[in-house]
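A short write-up of the structure that comes next.
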Amino acid sequence: MKITDVVKTIFNTKTDDITCDECFEHIDEYVDMIHAGQDPSEVLPQVKSHLEQCRCCEMEFRALISILEGEIDHADSG
Ligand SMILES: [Zn+2]
12 MKITDVVKTI
22 FNTKTDDITC
32 DECFEHIDEY
42 VDMIHAGQDP
52 SEVLPQVKSH
62 LEQCRCCEME
72 FRALISILEG
82 EIDHADSG
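The numbering of the sequence shown is the numbering used here, which starts it at 12 and goes up by one.
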């Protein structure tokens, strides 16, 4: 079973809206997918929706993205 199937199963019993706690549980996966060049909106639509309406979680999301993008700089050979 792929991780995407697991996530779908988790969210399948939920309504469209998730809580901040649920968002934080999956935000790492969401960020990882974006970092890997994938589109998380199909797998984690509730997280995407929550980030658009929750400023607190959006800031957490942006912080995680910044960390990942910062790590890329290690390959710099200046
Ligand atoms: Zn939130």
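By construction, the Cβ of each residue, glycine as well, lies at the ideal position given by its N, Cα and C atoms.
Ligand 1 approaches His61 closely enough that one of its heavy atoms is under 7 Å from the residue's Cβ.
If you look at Ile29, you'll find it isn't in any alpha helix (DSSP H); DSSP assigns it neither H nor E.
In the DSSP assignment, Glu63 falls within the alpha helix (DSSP H) that extends over Pro56 to Gln64. Nearest C-alpha to Tyr41 among Cys31, Val54 and Arg66: Val54. Rounded to whole angstroms, the gap between the alpha carbons of Ser52 and Gly81 is 23 Å. When C-alpha distances from Glu33 are compared across Leu62, Lys13, Ile78 and Asp43, the shortest belongs to Leu62.
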